[in-house]
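Numbering (our numbering), first residue to last: 2 to 265.
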C-alpha cells in the first residue's frame with residue numbers, strides 16, 4: 002500500500018489536473034489579499050477583516066473548492082484509466098484490485114486535502130493579520146476544525162464521484178449537477194429533506210456555520226416546516242459510514258464491472 006501511495010502521489014504531482022487545481026486553490030487567497038488591501042474601506046463600514054473569515058471559508062472552501070476538487074479528482078479514479086486504456090495493465094499487477102483502487106482514492110484525498118489546507122491556512126493568516134500573533138493563535142483551533150471537516154468531506158465525496166466515474170459516461174457533468182444542484186440547494190431548504198445531502202452533515206460540524214446562518218426568513222421557514230436536529234456526534238458517525246460505504250464500493254467496482262476499452 003505504501004508503495005502504491007508513493008507511486009500515485011508522484012504521478013499525480015506531475016499531472017496538469019493537479020496543477021490547475023492547485024492554482025484554483027489560490028483563488029480565495031487572492032480574494033483575502035484583495036480584502037486586506039481594502040481593509041480601510043471596510044473599517045468605514047465598521048467591518049473587521051477577521052470577521053469575514055467564516056463567510057469566506059464557508060463559501061469558497063465548503064461549498065466551492067471541496068466539491069469541485071472532489072469531482073475532478075474522484076471522477077478520474079477509474080474513468081481516466083478506462084479512457085487511456087491502461088486499466089487492464091494496472092489491474093493485472095500482483096496487487097488485489099480493491100487495494101489498488103483504495104490507494105488511488107486515498108491519493109486523491111491526500112492531494113486535495115493538502116491543497117485545500119494550505120490554501121485555507123494562508124487565507125486565515127491573511128485575514129487575521131490585524132489581530133497579531135496572539136489573535137492568530139487564539140482562533141487556530143477554528144482553522145484545524147475547518148480543515149478536519151474538509152478532509153472528512155473529501156473522504157465521502159472523492160469515492161462517491163469515483164463511483165460516478167466508474168459507472169457513468171459523463172461523470173464530471175453529472176457530478177456538477179449533484180454537487181452544485183442537489184447538494185448546493187437542498188441543504189438550505191427547511192424541513193428534513195436536507196438530511197438526504199452530504200453537505201448538511203458537514204454544516205453541523207463546520208465551526209463557522211453559526212456565523213453564516215441566514216436570519217429571520219430561515220427562522221420563520223424552520224418554524225413552519227420543522228426539521229430534525231442532528232448532533233455533531235451523529236453527523237460524524239453518518240459521514241464515517243458514508244465514507245466507508247463509498248470507498249468499499251468504489252474500490253470493488255473494477256472487480257464487479259467489466260470495462261470495454263474503445264479502440265482508436
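All residues carry an ideal CB built from backbone N, CA and C; glycine is no exception.
Buried or exposed: residue i, going by 16 or more other Cβ atoms within 10 Å of its Cβ?
i	result
residue 162	buried
residue 155	buried
residue 80	buried
residue 186	exposed
residue 109	buried
residue 46	exposed
residue 249	exposed
residue 120	buried
Just how far apart, CA to CA, sit residue i and residue j?
i	j	result
residue 189	residue 183	10 Å
residue 129	residue 100	42 Å
residue 195	residue 201	6 Å
residue 22	residue 73	9 Å
residue 131	residue 150	26 Å
residue 243	residue 257	20 Å
residue 141	residue 254	40 Å
residue 126	residue 98	42 Å
residue 112	residue 160	14 Å
residue 145	residue 138	11 Å
residue 37	residue 30	10 Å
residue 7	residue 105	10 Å
residue 136	residue 66	26 Å
By Cβ distance, which residues of its chain are closer than 6 Å to residue i, with the 5 residues on each side in sequence left out?
i	result
residue 231	205
residue 33	124, 127, 128
Note down, in chain order, each residue of its chain lying with its Cβ closer than 7 Å to the Cβ of residue i, except the 5 sequence neighbours on either side.
i	result
residue 176	72, 76, 162, 165
residue 180	68, 72
Go to residue i, then tell me how far its alpha helix (DSSP H) extends in each direction, as first and last residue.
i	result
residue 49	Counting along the chain, residue 49 falls outside any alpha helix (DSSP H), and DSSP gives it neither H nor E.
residue 204	199-206
Under 8 Å Cβ to Cβ from residue i, same chain only, skipping five residues before and after it: list those, please.
i	result
residue 118	148, 151, 152
residue 221	Annotation note: pLDDT 44 at residue 221 (below 50); position unreliable, no value reported.
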